[in-house]
Each structure stands twice: as C-alpha cells, then as structure tokens.
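Residue numbers (the numbering used here): -17 to 286. Where a beta carbon is used, it is the ideal one built from N, C-alpha and C, also for glycine. Input: a single structure, listed below in structure tokens.
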C-alpha cells in the first residue's frame, strides 16, 4: 500500500467517528466572508418563498406527485425497440396555445417542421452523434421558439426517453433567457426534475441571480424543487456555501433532500474536505445520515 493511501485512512476514520458523535459535539457553521455575502443576499427570501409554497400545498386538494421527483437518469441511453416513434409522434402533436391571441397557420407549420427535425435528432442511435446533432439543433433555433419546443417535447412523451437532450434544451434556454424560462416552467411545468434542472444550470454560474429569480415562487410538491436545484447548482463550485445557505430553511424534507444533492460534490473533493464539511452540519440526525452516505461513497472511491 502506498503512502498516499495510508495517509487517507485517518481522514476516512474522522468521518466514521462522527457516526458516534454526541449532539453537543457538533460544531457550528463556519462562515467565511464569501459565504456570508451569498447567504445574506437571498437566504431569507428563499425561506419565505418556501414557506409560501408549503402553505399553498395545505390550501389545495390536488396532490402533485411529479413535484416530488428526484434526479432521474435516462431510461434509454440509446434508442431501443420500445422507444416511441419520434417522427410519428411529432406529426401528431396538437400544439396547445400558451400565449394569448391567435396562432398563424404559417407558425404552426414552422413549429411542426421544427419538431420533425428534432425527432430526427432523437432517433440517432449513436449517443455521441446524437449529442452533436442536438447541439447543432439548439444553435439553429431562435429564442422565441424554445418555449413551444419545450412544451411539445414534454407533451409528446419524449422526456423519459431523452432526459439528456431535454436537459440540454432547458439549459440552453436558461443560458439565453433565464427569466422567461423560469416564468414559463413555473406556469406550465409540474415536473420537479425539470424545475430543478433548469435552476441548477443557472445557479452553478450565478447563484445570487438564480436565487433572486426564484424568490417567492410557490412549489406544489412536498419539497421545493426550486430550492433544491439552486443548492445543487451552487454546490458544484461551493459545497460549503451551499450548506450554509440551507441553515435557515425550516422545511426538513427540502433541507434533507438538498443536502443529499450536495454530497457528490463533497465526495469528489476527498476525505479530508468531507470530514470538515460534515462537521458544519448542526442537526445531529442529518449529520449522522450524511456521514454514513459519505463514508460509503468514499469507501467505493478508494477501497484500499
């Protein structure tokens, strides 16, 4: 066994030892100047938005199961016999009007042609080539077309078979016109995975702007996928700041799920970072659960 692996063992032991830690041994959050700047600008607004969203759940009789969905992997990384016939579905799409006013026949025909073009891309069997063609397709479409394409993509039932391509489309929309994208998804899209994917893509680069954009948004599910997506995106560059941003979120389900979304970013930074990160979790139950998950992931990453 080499020296680096010998050195890693005590770090992993640090995480494992937290599983037996008493509640009073948990350290408080360590606040850096950068974390304070980010958290102070929007954390309270997020908590208020989450509370409003939860109240809306109590006042409605409709249970939105889709709003609770976790990140899902594509059911089919390549085309298979049970995949839908994309061309046939594209030709049958009846576009639902999403804006006020009449839609011209020319615009309808242009949209149908665009969806058939997209169906050709989704039918490509080679995943790498399909990705290349999807990027080219996105580069060709105009910003004004994306809302219609996203809605028809979802209504045609293609998302379960092509989550990667759908995620690319959503991410491109967020990059081009994030406020329009968020407004559309909040009004028309009930799938929690889509909301989370959208805000996560933006939060990875601009967490403050993303947080302000979802301020006060309601979520009809049992967890706030806007908040979870924000934390997931923020964690890509700042796992400590992402954890700090959760400390005042009262909803335990949203907070616990968001912490799980941070864990992969903690694991890739190694055992020493993971040990310090775990110590910042104040809730002893969440700390123990996170420590177990991290210890298991780190053991698989470095089994020696």
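Span separating the alpha-carbon of residue 279 from that of residue 93: 46 Å
Residue 124, buried or exposed, once every other Cβ within 10 Å from all chains shown has been counted against 16: exposed
In chain order, what residues of the same chain lie with their CB nearer than 6 Å to the CB of residue 214, ignoring the 5 residues before and after it? 182 and 243
Hey, would you say residue 295 sits closer than 8 Å to residue 136, going by beta carbons? No information on residue 295 is available, as it lies outside the stretch -17 to 286 that the chain covers here.
Less than 8 Å separating the beta-carbons of residue 262 and residue 225? yes
Separation of residue 184 from residue 156, as counted between CA atoms: 7 Å
Under 8 Å between C-beta atoms of residue 231 and residue 212: no
Quick check: what's the CA-CA separation for residue 145 versus residue 258? 34 Å
With burial defined as no fewer than 16 other Cβ atoms inside 10 Å of the residue's Cβ, what is the status of residue 206: buried or exposed? buried
Enumerate in chain order the residues of its own chain whose CB-to-CB distance from residue 210 is below 7 Å, with the five nearest sequence positions on each side excluded. 178, 236, 239, 240 and 243
Helix, strand or coil at residue 198 [DSSP, three-state]: coil
Output needed for residue 153: all residues of its chain with C-beta closer than 6 Å, excluding positions within five of it in sequence on either side, in chain order. 183
7 Å CB neighbourhood of residue 159 in its chain, flanking five on each side removed: 125
What is the C-beta distance between residue 120 and residue 151, in whole angstroms, given that I count them as a contact (C-beta under 8 Å)? 6 Å
Assigned secondary structure, residue 155 (DSSP; H/G/I helix, E/B strand, else coil): helix
Enumerate in chain order the residues of its own chain whose CB-to-CB distance from residue 13 is below 6 Å, with the five nearest sequence positions on each side excluded. Since pLDDT at residue 13 reaches only 39, below the 50 mark, its modelled position is unreliable, and the value read off the structure follows with that caveat. There are no such residues.
Does the beta-carbon of residue 101 have 16 or more other beta-carbons within 10 angstroms, so that it is buried, or is it exposed? buried
Between the Cα of residue 176 and the Cα atoms of 216, 142 and 251, which residue gives the shortest distance? 142
Less than 8 Å between the CB atoms is what I'm expecting for residue 199 and residue 168, so what's the real figure, rounded? 6 Å
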